[in-house]
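Numbering (mature numbering (1 follows the signal peptide of the UniProt record, and there is no 0)), first residue to last: -22 to -1, 1 to 264. Backbone N, C-alpha and C fix where the C-beta goes; we use that ideal spot for every residue, glycine too. Each remark here refers to the structure printed beneath this line.
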C-alpha cells in the first residue's frame, strides 16, 4: 500500500471556501460545501484545537522517512504537513497515531481525524469511510529478483503462471486478481516487510506494489531486484490516493477543499517532484 524527500507548504486558511464549486461531489462521495467553516476553532476534531493524523507502523519511503511521520518528510508526510497548515494548524497542534492499514478503513469509531497511508479510493471502501479529494494518481508495478524468470517479462500473460504476492487489503493485491488473473492464488502478507522477505527468499516470483514503492525497493532496499513493469489499470480509470476520514465526518468537506487548493496552487506537484522524482519510465505490461 507504503529516495525521495518532501517540503511543506504554509498557506492561509482564507479562501478555502472558494476552492470547490457548491454542491459538487468529489471522489469522497461527499458533497463539498463552499460555505464550510474550516478554521481550527470551527472544526470538530477528536481533540479541540488539534488535528490528529493516523498512519500505519511501520511506514516506508518514499511516502514517509525513517518511520517518523511527524518529521514532515516523504511525500505523504509532506502532504499531511501542507494540509495541516492549509487548514490553519501549527506544527505543535498536529498529533500522529498509528493505525494498522485494515483497521483504518474498517467501519466503526476512529482514533484519528484524518488517515494518510496510500489508501486508494474505491467504491467498496467508500461504504465504510469517507475519502478526501485525491492527492496522487498511482499505478501498480511488479518487481522480481534479477535472477528470476519474470525479470525479462514484457507481456501480462507471462505473469499468469507465476507466484505473485502483495500486502493484505491493498489495491496491489486487487491488481493481481483483476489485472493479472493468475492461475494460482496470490500470496498475502501482513505488511511489505514480510512480502519483501518472501521475494528475497524465493517464496514468490514477483511482488506487486505501487510504482513509487517499487522504485524505492529496487533502488535502495533489494539490490538484486528489478521492476518488471507497470500493470494496466483494471477499468481504465486512474487509481488515486485519498485521505481517509470517518464515515460522515464533518471534516471531509474542509479536508477535500484543502487538498483541492494544494493541487490548484501547485503544492502537490512540487511535493511530487521533490519526493517522487524519477518514478516514471517503467514499461506497461500488456
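Let me know the secondary structure DSSP gives residue 120 once reduced to three states.
The sequence position of residue 120 within the chain shown is 142, counting from 1. Looking at residue 120 - three-state DSSP - the assignment turns out to be strand.
Is the separation between the beta-carbon of residue 141 and that of residue 165 shorter than 9 Å?
Position 163 of the chain shown, counted from the first residue, corresponds to residue 141. Position 187 of the chain shown, counted from the first residue, corresponds to residue 165. Yes. Within cutoff.
In angstroms with no decimal places, state the Cα-to-Cα distance between residue 67 and residue 18.
For this step, residue 67 is matched to residue 89 along the chain shown. For this step, residue 18 is matched to residue 40 along the chain shown. C-alpha separation (whole angstroms): 7 Å.
Exposed unless 16 or more other CB atoms sit within 10 angstroms - verdict on residue 6
Here residue 6 corresponds to residue number 28 of the chain shown, with the count starting at 1. Bear in mind that a pLDDT of 43 at residue 6, under 50, signals an unreliable position, so the model cannot answer this.
From what residue to what residue does the alpha helix (DSSP H) around residue 103 run?
Here residue 103 corresponds to residue number 125 of the chain shown, with the count starting at 1. 101 to 104 is the span of the alpha helix (DSSP H), which, as asked, contains residue 103.
What span of residues does the alpha helix (DSSP H) with residue 55 cover, start to end?
Residue numbering aside, residue 55 sits at position 77 when the chain shown is read from its first letter. Per DSSP, residue 55 belongs to the alpha helix (DSSP H) from 53 to 64.
Hey, would you say residue 209 sits closer than 9 Å to residue 116, going by beta carbons?
Taking the chain shown and counting its residues from 1, the one referred to as residue 209 is at position 231. Taking the chain shown and counting its residues from 1, the one referred to as residue 116 is at position 138. Against a cut-off of 9 Å, the Cβ pair of residue 116 and residue 209 comes out as no contact.
Cα separation between residue 247 and residue 133?
Counting from 1 along the chain shown, the entry for residue 247 is found at position 269. Counting from 1 along the chain shown, the entry for residue 133 is found at position 155. So the alpha carbons of these two residues sit roughly 31 Å apart.
Does DSSP put residue 193 in a helix, in a strand, or in coil?
The residue labelled residue 193 in the question sits at position 215 within the chain shown. Helix at residue 193.
Residue 34 vs residue 87 beta-carbon contact at 9 Å:
Taking the chain shown and counting its residues from 1, the one referred to as residue 34 is at position 56. Taking the chain shown and counting its residues from 1, the one referred to as residue 87 is at position 109. No. Outside cutoff.
Answer yes or no: do residue 52 and residue 120 have a C-beta to C-beta separation smaller than 9 Å?
Counted from its first residue, the chain shown places residue 52 at position 74. Counted from its first residue, the chain shown places residue 120 at position 142. Against a cut-off of 9 Å, the Cβ pair of residue 120 and residue 52 comes out as no contact.
Considering only the alpha carbon of each residue, which of 90, 148 and 70 lies closest to residue 96?
To locate residue 96, count along the chain shown from 1; it is residue 118. Minimum Cα distance to residue 96 is reached at 148.
Beta-carbon separation of residue 60 and residue 245 under 9 Å?
Here the question's residue 60 lines up with position 82 in the chain shown. Here the question's residue 245 lines up with position 267 in the chain shown. For residue 60 and residue 245, yes; Cβs fall inside 9 Å.
By DSSP, does residue 74 sit in helix, in strand, or in coil?
What you label residue 74 is simply residue 96 of the chain shown in a count that begins at 1. If DSSP states are grouped into helix, strand and coil, residue 74 belongs with the strands.
Could you please give me the residues that DSSP links to residue 108 through a beta bridge?
The count along the chain shown starts at 1 and reaches residue 108 at position 130. The partner list for residue 108 (beta bridge, DSSP) reads 223.
For residue 79, report the span of its alpha helix (DSSP H) as first-last.
Reading the chain shown from its first residue, position 101 is the one you call residue 79. 79 to 82 is the extent of the alpha helix (DSSP H) around residue 79.
Between residue 84 and the rest of its own chain, which residues show a CB-CB distance below 7 Å, the 5 nearest in sequence each way excluded?
On the chain shown, position 106 is the one that residue 84 refers to. So the list reads 106, once near-sequence residues are dropped.
Flag this pair as touching only if the region 168 to 183 and the region 215 to 230 have three or more C-beta atom pairs under 8 Å; answer yes or no.
no
CA-to-CA distance, residue 138 to residue 159, given in whole angstroms:
As a working note, residue 159 is residue 181 in the chain shown. As a working note, residue 138 is residue 160 in the chain shown. Each residue's Cα considered, the two are about 6 Å apart.
Pick from 69, 74 and 94: whose alpha carbon is nearest that of residue 80?
Your numbering for residue 80 matches position 102 in the chain shown. The shortest Cα separation from residue 80 among 69, 74 and 94 belongs to 94.
To the nearest whole angstrom, what separates the beta carbons of residue 75 and residue 32, a pair I think is in contact under 8 Å?
On the chain shown, residue 75 is found 97 positions in, with the first residue counted as 1. On the chain shown, residue 32 is found 54 positions in, with the first residue counted as 1. With 8 Å as the limit, residue 75 and residue 32 qualify as a contact, their Cβ atoms being about 5 Å apart.
Between residue 36 and residue 171, is the Cβ-Cβ spacing less than 9 Å?
Start at 1 with the first residue of the chain shown, and residue 36 comes out as number 58. Start at 1 with the first residue of the chain shown, and residue 171 comes out as number 193. The answer is yes: Cβ separation under 9 Å.
If you draw a straight line from the C-alpha of residue 63 to the C-alpha of residue 98, how long is it?
For the purposes of this step, residue 63 is identified with residue 85 of the chain shown, where counting begins at 1. For the purposes of this step, residue 98 is identified with residue 120 of the chain shown, where counting begins at 1. One C-alpha to the other measures close to 23 Å.
Given that a residue counts as buried once 16 or more other Cβ atoms are within 10 Å of its Cβ, and exposed if not, what is residue 174?
Counted from its first residue, the chain shown places residue 174 at position 196. Residue 174 comes out buried.
Suppose you measure from the CA of residue 30 to the CA of residue 56; what does that come to, to the nearest Å?
Position 52 of the chain shown, counted from the first residue, corresponds to residue 30. Position 78 of the chain shown, counted from the first residue, corresponds to residue 56. Computed Cα separation, rounded: 15 Å.
Return yes when the Cβ of residue 187 is within less than 9 Å of the Cβ of residue 235, no when it is not.
Position 257 of the chain shown, counting from 1, holds the residue named residue 235. Position 209 of the chain shown, counting from 1, holds the residue named residue 187. No, the pair does not count as a contact, with Cβ atoms beyond the cut-off.
Spatial distance of residue 11 from residue 231 (CA atoms)
Residue numbering aside, residue 11 sits at position 33 when the chain shown is read from its first letter. Residue numbering aside, residue 231 sits at position 253 when the chain shown is read from its first letter. Note that residue 11 scores 36 on pLDDT, short of 50, meaning its location in the model is unreliable and no value can be drawn from it.
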